[in-house]
């Protein structure tokens, strides 16, 4: 957002915290599938999420 939107803010976003938006794939560990002939169904249910405030860049959480 424009700097004008931040006018008057003295506390929020003033810490200069850096939040990573990428990851290092080499950190992921893998292992062999003991049952490669089985079919698998994986479901990710994520009713919660996080976001960054567009004005301050600080994290927020919601359901």
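Residue numbers (the numbering used here): 21 to 83. Note that the Cβ used here is the ideal one computed from N, Cα and C, for glycine as well. Computed from a prediction, not measured in an experiment: that's the story for all the values here.
Beta-carbon proximity list for residue i, same chain, < 7 Å, skipping 5 on both sides
i	result
residue 67	83
Beta-ladder partner(s) of residue i, from DSSP
i	result
residue 15	In the structure as shown, the chain begins at 21 and stops at 83. Residue 15 is therefore absent and cannot be evaluated.
Cβ neighbours of residue i in the same chain (closer than 6 Å, five flanking residues each side left out)
i	result
residue 81	70
Residue i, DSSP secondary structure in three states
i	result
residue 26	helix
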